[in-house]
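Colleague: Below is the structure I would like to discuss, written out as structure tokens.
There are 4 protein chains.
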Amino acid sequence: MSITSEQREEIRQTRATSSQTLRPTVAALEEILYEPFQVLDHGFVRVIDYMGDDSAVVQAARVSYGRGTKKVSEDRGLIMYLMRHWHTTPFEMADIKFHVKLPIFVARQWIRHRTASVNEYSARYSILDKEFYIPEQQHLAAQSSSNRQGRGEVLEGDEARRVLEILREDAERTYSNYAWMLNEPSDEQAPDEDRSGLARELARMNLTLNTYTQWYWKANLHNLMGFLRLRADPHAQYEIRVYAEAMLEIMSRWVPLSHEAFVEHRMGSASLSRTAITAVRRMIAGEKLTAATSGLSPREWRELCQTMGIEQV
Amino acid sequence: MSITSEQREEIRQTRATSSQTLRPTVAALEEILYEPFQVLDHGFVRVIDYMGDDSAVVQAARVSYGRGTKKVSEDRGLIMYLMRHWHTTPFEMADIKFHVKLPIFVARQWIRHRTASVNEYSARYSILDKEFYIPEQQHLAAQSSSNRQGRGEVLEGDEARRVLEILREDAERTYSNYAWMLNEPSDEQAPDEDRSGLARELARMNLTLNTYTQWYWKANLHNLMGFLRLRADPHAQYEIRVYAEAMLEIMSRWVPLSHEAFVEHRMGSASLSRTAITAVRRMIAGEKLTAATSGLSPREWRELCQTMGIEQV
Amino acid sequence: MSITSEQREEIRQTRATSSQTLRPTVAALEEILYEPFQVLDHGFVRVIDYMGDDSAVVQAARVSYGRGTKKVSEDRGLIMYLMRHWHTTPFEMADIKFHVKLPIFVARQWIRHRTASVNEYSARYSILDKEFYIPEQQHLAAQSSSNRQGRGEVLEGDEARRVLEILREDAERTYSNYAWMLNEPSDEQAPDEDRSGLARELARMNLTLNTYTQWYWKANLHNLMGFLRLRADPHAQYEIRVYAEAMLEIMSRWVPLSHEAFVEHRMGSASLSRTAITAVRRMIAGEKLTAATSGLSPREWRELCQTMGIEQV
Amino acid sequence: MSITSEQREEIRQTRATSSQTLRPTVAALEEILYEPFQVLDHGFVRVIDYMGDDSAVVQAARVSYGRGTKKVSEDRGLIMYLMRHWHTTPFEMADIKFHVKLPIFVARQWIRHRTASVNEYSARYSILDKEFYIPEQQHLAAQSSSNRQGRGEVLEGDEARRVLEILREDAERTYSNYAWMLNEPSDEQAPDEDRSGLARELARMNLTLNTYTQWYWKANLHNLMGFLRLRADPHAQYEIRVYAEAMLEIMSRWVPLSHEAFVEHRMGSASLSRTAITAVRRMIAGEKLTAATSGLSPREWRELCQTMGIEQV
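Protein chains in written order, with the UniProt record's numbering: chain R, 1 to 313; chain B, 1 to 313; chain W, 1 to 313; chain V, 1 to 313.
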């Protein structure tokens, strides 16, 4: 992971000083506050700050005084109810802030989630580090033949070797040309006094999309779940899914009841269309349906069979 | 203020238990956490939770590790710079959550600020208390004759007396009819067993707009300032301005550097149009301008004279 | 309906002049453009402008040139697919603008949908008309005994009569006191020269929540559907549902394919939790479940039985 | 410009068919509807659709019937007033949709404007064309020595030549390796039957940030102005500013009154802090200020001198 020893020391120091607060505090999250969770080869996710916990959700739903009811069992039932019925506003009442290091092509997907606050490292202003994502061989997948935005089998042998070589060489070369064009002093080279050096905001265009960037990303629990629902899904691209999985793990420490409800009613749920409901009613009544008799499109029928664990006919 | 003794006790208890946290903590805000600040006759504002402080703004601007730089003087300069140049995203990195009790007509203005999270007491679900806003006589202003959405002189004598009487009587009567239609058990009346009682979601329509409601309202610092800039302004309606003023006071405890920059570059600032800049240049060069020679519309000229403290000609 | 004859004439004139445009145009929507659809006793909804149609959704999904493919059958399949898989961004690419007249308590629910543009008639600036919502007797429902935010049986006899009397009398009296406090010239009264008249921004607080207001409300198709999904739902309060139903009807004229997909995959759909999927799998396999053996909470089991049309045990 | 002859033909056909509409129509915008405006070497901006015009702003401000007042002079004054006083909601009532082709590093800046709707060409799903931005030599600027995110002098001679060579060679090589890894049939190569081909979602990471992408981007007039205010500003990076300038030109065709007000009160305006107002008052009164006596920070004093066209002392 690309945490320098200096940064490690800074994290250690930050974790060494605690304060008293009257705010709701989550012990399981405090345990890992500031600590980086490694993701991909050089990336990480770490929690920088948070506000509220499961009781903030309950409190908002009750618009009551104090820290809500005492019985966890009632809170759990209420949170399950809110999640099941898409009463989403109480989940906006808790916030979390992450520091994330991630490849640019992942950042481009991530940023499409608009209802979050973001401050990214600026390559207009500063110089990007020489760090880029190179997949492990087991993640070098072929294009899926059935799904235009999916992955198929893992590449093997010469093809895999050559792909890794290309990714590494091209990233190395474009980065080294980036550094040359900048003509700035670094550990590896002294600037050439005869050259002006290209502006940073221009030189960066020579970098490849697997170069790492970093940002602070803050979202409320509702919008975090919107992100996780799409990005922790098996259909999400592997390289963003691993970030979402780390964040889902963090969410279970932070708001365990909301996490449970989220897994039950979002991650593991299925939506049935009007016609699919009719099909399921007939199946429950004992009828054997086929693609042809289901009333559904072939694709929706296939998906329904998968959800219901029945053999497609 | 409409805090019951039971609520006071609950606040006292909540304030009695503190925890350890590794998060940034603001002592001046902890001092008043949960405590209600009275606003209008029955309203209040109180802070329920917060995340981050001035250093969160600095940290986001620097996208650096740890809690930002050590020197407060540098942080102050950076925050001033960000505010002056409308670099707004770092101010999104700190959040605050309020519990507010306010008249419905104030809530209707307030809710137009869309980038906040809100959970309001539901009169569909619960019964509203018998509390309504009656202005103090000194705030019973006449319609302004020059500004269609402004106030003029204070009403006096019989007219003032009669207005207060009307406001009180109409609110009392409509509330008492609301209670009658609900036909629910209360301290003041037993339900009439022969009646069904009107649904709460319907009965509420009989209440007047000065009835108090309450909500949790959470915003990040950037959006809080957007709210304060409009609502703590002298042109804002008095009844919402007093809430904004209480929140501005709270903001100065929470993020003193951002508060200072906000007062300097937003609250006390003025925007000059292209043509107004030309007019000011000429005045600095010693020219005496009049409405006619300024190049500005009469109204903009008047506003410029006020800003620059010069006599209108 | 509260359209004055002057307004009718204005609508007639606006509809009398058409222009040539190269933009996509929807004949079925042009037919009713500007025309008010009556809702409740004095309210209405009318379309003021629109941008795009079903092909805008298709075009965005394909990010292709021109007006998309020629075959409606392919467009229909794509729109169904997008809706089923919650690919929501293409539905943001079409917009519609409404002019709505509605009671204030309905406006208060409506405005909670934040991702829309709104300009409301200002009672700070202008004087509200003497129009308030009085329910028809068949909609005077009692409080539901099972659902705290629902309606039960319709009130009858004396109770109903008295409720209607109260609603009418209180609205009349508070409005007439509002007018008196304003002391402005009107058709019904000359101002009292000895009085200053209360500022409009204050006088309005005496009005009841069933007073009508009006606004322009613009949303893109995605956010319109977010609104309709909640507000055209049988659990929505009747008084906002009738607006949503009128808008759903308008939507079917505007974007018939998206409307069909919306009814199929949103309005008529059901979401099954992880546990509910297991329960349905067992039922499809022939098992007879009961509340006790289903693994679901009593409430979720009841809802699942309703969805699947099976008798609760 | 990278419009193929096939696309040209499609645009020609689309422009050949017009319809009748009752909606407000802007002749000057219809003239250029669908037509690409070239930006940079391979980019473009073109208007795909629009809704409303200056009268939509006026109408929303008046919440009145029909198409607003007849006199353009009154509309102009109202729009100037709204702009000057930051009454922004009426400007949300008109929308415009663009089709834009732009380098990825420009897209990364652009997307930070969150309140817009976007559909981007997906390199997960499709193959990107071989097109990348190579600056003209006159835009090959050195890093500014005074401003960390600015440009200095233009590079010359060998350094400029070498930079252009690098940018071209690296983009060519990474693209050609991208194509090789994909192993898909193209005009230039037949796929190698012995290889599987890397998934598109992975292969794209080898592309450099100057590769062109494209998207549909829709915003309302208020948010469009938010974008233009930052991106048509002289401090914006040249490569995004040229897009903003083309859009500003388009805006002047679409909403000429709003455009005039925007130039007067936003683009050409200046904001004076509380302290700067005091300084200007003193200068108008005839006092000669210096950095030391102005009360301002050196940087703010320098900016004020520039705005007021006075010599810095």
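Each residue gets a CB set at the ideal place from its N, CA and C atoms; glycine is no exception.
Could you list which residues in chain R have their beta carbon closer than 7 angstroms to that of M308 of chain W, in chain order?
Modeller: Here the neighbours are V280, R281, I284.
Colleague: Comparing C-alpha positions only, which one of V:L29, V:R204, V:M80 sits nearest to H265 of chain V?
Modeller: Considering only alpha carbons, the answer is V:M80.
Colleague: Give me the residue from B:E239, B:A123, B:M83 with the minimum Cα distance to N206 of chain B.
Modeller: Of the listed residues, the one whose Cα sits closest to N206 of chain B is B:A123.
Colleague: Strictly under 8 angstroms for the Cβ-Cβ distance: is E159 of chain W near chain B by that measure?
Modeller: So, interface residue.
Colleague: With DSSP as the reference, label Q137 of chain V as helix, strand or coil.
Modeller: Reduced to three states, the DSSP call for Q137 of chain V is helix.
Colleague: Using a Cβ cut-off of 9 angstroms, which residues of the region 210-242 of chain R contact any Cβ in chain B, in chain order?
Modeller: Per Cβ criterion, the list reads Q214, W215, Y216, K218, N220, H222.
Colleague: Could you pull the DSSP bridge partners for Y50 of chain W from this structure?
Modeller: Answer is W:I96, bridged to Y50 of chain W.
Colleague: What in chain R is Cβ-close to Y121 of chain B, meaning under 8 angstroms?
Modeller: V63, listed in chain order.
Colleague: Out of V:Y125, V:L22, V:S5, V:E9, which one is the CA nearest neighbour of I11 of chain W?
Modeller: Nearest C-alpha to I11 of chain W: V:L22.
Colleague: Within the region 106-165 of chain W, note down every full beta strand (DSSP E) run reaching 3 residues or more, in order along the chain.
Modeller: 117-120, 141-143, 151-154, all fully within the region 106-165 of chain W.
Colleague: Whose Cβ in chain R lies nearer than 7 angstroms to the Cβ of S271 of chain W?
Modeller: Near S271 of chain W (Cβ distances below 7 angstroms), the residues of chain R are S269, S271.
Colleague: Between Y175 of chain W and chain V, is any beta-carbon pair separated by less than 8 angstroms?
Modeller: It does not; no Cβ of chain V falls within 8 angstroms.
Colleague: Residue range of the alpha helix (DSSP H) that Q7 of chain B falls in?
Modeller: Per DSSP, Q7 of chain B belongs to the alpha helix (DSSP H) from 5-16.
Colleague: Return helix, strand or coil for S258 of chain V, following the three-state DSSP convention.
Modeller: Three-state DSSP puts S258 of chain V in a helix.
Colleague: Would you kindly work out how many angstroms separate the C-alpha atoms of V255 of chain V and A94 of chain R, rounded to a whole number?
Modeller: Their backbone Cα atoms lie some 42 angstroms apart in a straight line.
Colleague: Any idea what DSSP makes of L199 of chain W, helix, strand or coil?
Modeller: According to the sequence as given, residue 199 of chain W is Ala; it is not Leu. If DSSP states are grouped into helix, strand and coil, A199 of chain W belongs with coil.
Colleague: What does DSSP give as the partner residue(s) for L78 of chain V in the beta ladder?
Modeller: The partner list for L78 of chain V (beta bridge, DSSP) is empty, contrary to what the question assumes.
Colleague: Alpha carbon to alpha carbon, how far is A279 of chain W from G286 of chain W? Give it in angstroms, no decimals.
Modeller: Straight-line Cα distance between these residues: approximately 11 angstroms.
Colleague: Can you find the residues in the same chain that come closer than 6 angstroms, C-beta to C-beta, to A291 of chain B, ignoring five residues on each side of it along the sequence?
Modeller: Only P298, W301 meet the Cβ criterion.
Colleague: Between the region 186-202 of chain W and the region 137-154 of chain B, do at least 3 Cβ pairs fall closer than 8 angstroms?
Modeller: The region 186-202 of chain W vs the region 137-154 of chain B: in contact.
Colleague: Output needed for R274 of chain B: all residues of its chain with C-beta closer than 8 angstroms, excluding positions within five of it in sequence on either side, in chain order.
Modeller: Same-chain partners within the cutoff: there are none.
Colleague: Can you tell me where the beta strand (DSSP E) holding W86 of chain W begins and where it ends?
Modeller: From DSSP, W86 of chain W is part of no beta strand (DSSP E); its letter is neither H nor E.
Colleague: Could you name the residues of chain R that V263 of chain W contacts, counting a contact when the two beta carbons are closer than 9 angstroms?
Modeller: Per Cβ cutoff of 9 angstroms: R274.
Colleague: Which residue comes first and which comes last in the alpha helix (DSSP H) that contains Q306 of chain V?
Modeller: Element bounds for Q306 of chain V: 298-308.
Colleague: So A60 of chain B contacts chain R; which residues on that side make the cut at Cβ distance below 7 angstroms?
Modeller: Ordered by position in chain R, the residues that pass the 7 angstroms Cβ test against A60 of chain B are N119, Y216.
Colleague: Please compile the residues from chain B whose C-beta is within a distance smaller than 7 angstroms of the C-beta of R112 of chain R.
Modeller: In chain order: nothing, as chain B lies at least about 17 angstroms away.
Colleague: Any residues in the region 38-50 of chain B with a beta carbon nearer than 9 angstroms to a beta carbon of chain R? Which ones, in chain order?
Modeller: Residues passing the 9 angstroms Cβ filter: I48, D49, Y50.
Colleague: Between which two residues does the alpha helix (DSSP H) carrying T294 of chain W extend?
Modeller: Note that residue 294 of chain W corresponds to Ser in the displayed sequence, not to Thr. Segment 291-294, the alpha helix (DSSP H) holding S294 of chain W.
Colleague: Just grab the DSSP bridge partners of N220 of chain V for me.
Modeller: Answer is V:D95.
Colleague: Pull up the distance between the alpha-carbon of D170 of chain V and that of A236 of chain B, whole angstroms please.
Modeller: So the alpha carbons of these two residues sit roughly 58 angstroms apart.
Colleague: Which first and last residues belong to the beta strand (DSSP E) in which L272 of chain R is found?
Modeller: First-last of the beta strand (DSSP E) with L272 of chain R: 270-272.
Colleague: Hey, is E300 of chain V's beta-carbon within less than 8 angstroms of any beta-carbon in chain B?
Modeller: Output row for E300 of chain V: interface = yes.
Colleague: Show which residues of chain V have a CB atom less than 7 angstroms away from the CB atom of G52 of chain W.
Modeller: Going along chain V in sequence order, the residues near G52 of chain W (Cβ under 7 angstroms) are D49.
Colleague: Check for me: the beta strand (DSSP E) holding V39 of chain V runs from which residue to which?
Modeller: Element bounds for V39 of chain V: 37-39.
Colleague: Check each residue of the region 80-98 of chain V: if its Cβ is closer than 8 angstroms to any Cβ of chain W, include it; give the result in chain order.
Modeller: Listed by position along the chain: T89, P90, E92, M93, D95, K97.
Colleague: Please report the distance separating the alpha-carbon of V100 of chain V from that of A244 of chain B.
Modeller: Distance between the alpha carbons of V100 of chain V and A244 of chain B is about 42 angstroms.
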